[in-house]
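Some notes on the structure that comes next.
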Amino acid sequence: MQEGPFTYYICPMAVANNYDNIAAIYDPLSLLIFGRSLRRAQAFMLNVLTPGQRVLVVGGGAGWILEAMAARLPDGLHITYVELSAKMTALARKRNIGGHDVDFIRGSITAQSWPAGYFDVVFTAFFFDNFQQEAAEHIFAQLHQYLKTGGYWLFADFEVEQGQRYWQQPLLNGMYFFFRMVSHIDARQLQDMAALFQAHGYTPLQQKRFYSRFVQSVIYRKGQA
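Numbers given in our numbering equal positions in the sequence shown, counted from 1, plus 82.
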């Protein structure tokens, strides 16, 4: 653990789903292809943040979302930031986090453990598209346990809409091909995350589409167990 303005843990790394190879260009590449749509999709969900909340960010990449949180709320959050890529984590640590407390954990979310109901908010943006169904279900169940009853799960990801498949599916296929080559991601297709949320008793409070409806953002609330 490194002492300083942040708490910084190092956990075992995995080869798959690791964005080290493109950490330096990931954000510029995203902006080139999608403009600010992916950022707007994430910022849309931050209205549920209030001082004192414990927030778990999983797969936050280079940390832009930390600055968005600081812009939305200047201080008072206790953020745990889990990112597999060492280079992405290093970039995230340089972000302006305002007055929030941030614990950086470099490693896989599957290697972590917290008490049941520990977090008020779970944030996963463009994260579950990295995994095949079995892994996605396992990680979902893990995060579900960590989120308190009545807590918020802020979820953003790609979704191919039936009437837009003619262009969305080829773009998605190209993205998967690219990230398999450079980041060794496991997934070959998007998983049905809406079904997982429904099966675990979540209620969608707010939702919005971006980038000609190729990107969805949903604020879910966890119901009674």
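Note that CB positions come from ideal geometry on N, CA and C, so glycine has one too.
Name the DSSP beta bridge partners of residue 184, please?
161
Between the alpha carbons of residue 262 and residue 288, how many angstroms are there, rounded?
32 angstroms
Out of 296, 264, 136, which one is the CA nearest neighbour of residue 235?
136
Work out the CA separation of residue 265 and residue 192 for me, nearest whole Å.
18 angstroms
Mind checking which residues open and close the alpha helix (DSSP H) that includes residue 109?
105 to 116
Quick one, are the C-beta atoms of residue 292 and residue 188 less than 9 angstroms apart?
Cβ atoms of residue 292 and residue 188: not closer than 9 angstroms.
The alpha helix (DSSP H) spanning residue 147 covers which residue range?
Going by DSSP, residue 147 is part of the alpha helix (DSSP H) stretching over 146 to 154.
So which of 134, 168, 142, 273 has the shortest CA-CA distance to residue 219?
273
Which stretch, first to last residue, makes up the alpha helix (DSSP H) that contains residue 228?
215 to 228
Go to residue 264, then tell me how far its alpha helix (DSSP H) extends in each direction, as first and last residue.
247 to 265
Look at residue 170 and residue 102 and say whether their C-beta atoms are less than 9 angstroms apart.
By the CB criterion at 9 angstroms, residue 170 and residue 102 fall inside the cutoff.
Does the separation of the CB atoms of residue 177 and residue 149 fall below 9 angstroms?
yes
In whole angstroms, what separates the C-alpha of residue 290 from that of residue 115?
So the alpha carbons of these two residues sit roughly 20 angstroms apart.
Does DSSP classify residue 172 as helix, strand or coil?
helix
With distances taken Cα to Cα, identify the nearest neighbour of residue 270 among 248, 302, 222, 212.
212
State the Cα-Cα distance for the pair residue 157 and residue 248, rounded to the nearest angstrom.
Going from the Cα of residue 157 to the Cα of residue 248 covers about 44 angstroms.
Quick one, are the C-beta atoms of residue 233 and residue 185 less than 9 angstroms apart?
Not closer than 9 angstroms, so no.
Closest to residue 268 by C-alpha separation, out of 132, 215, 110, 164, would be which residue?
Ranking the options by Cα distance to residue 268, first place goes to 215.
The alpha helix (DSSP H) with residue 281 in it runs from where to where?
275 to 281
Comparing alpha-carbon positions, which option in 167, 200, 280 lies nearest residue 108?
167
Express the C-alpha separation of residue 242 and residue 251 in angstroms, rounding to a whole number.
Near 6 angstroms, if we compare the C-alpha coordinates of residue 242 and residue 251.
For my contact list, residue 199 and residue 231 are in at a C-beta cut-off of 8 angstroms; report their separation, rounded to the angstrom.
So it is a contact: roughly 7 angstroms between Cβ atoms.
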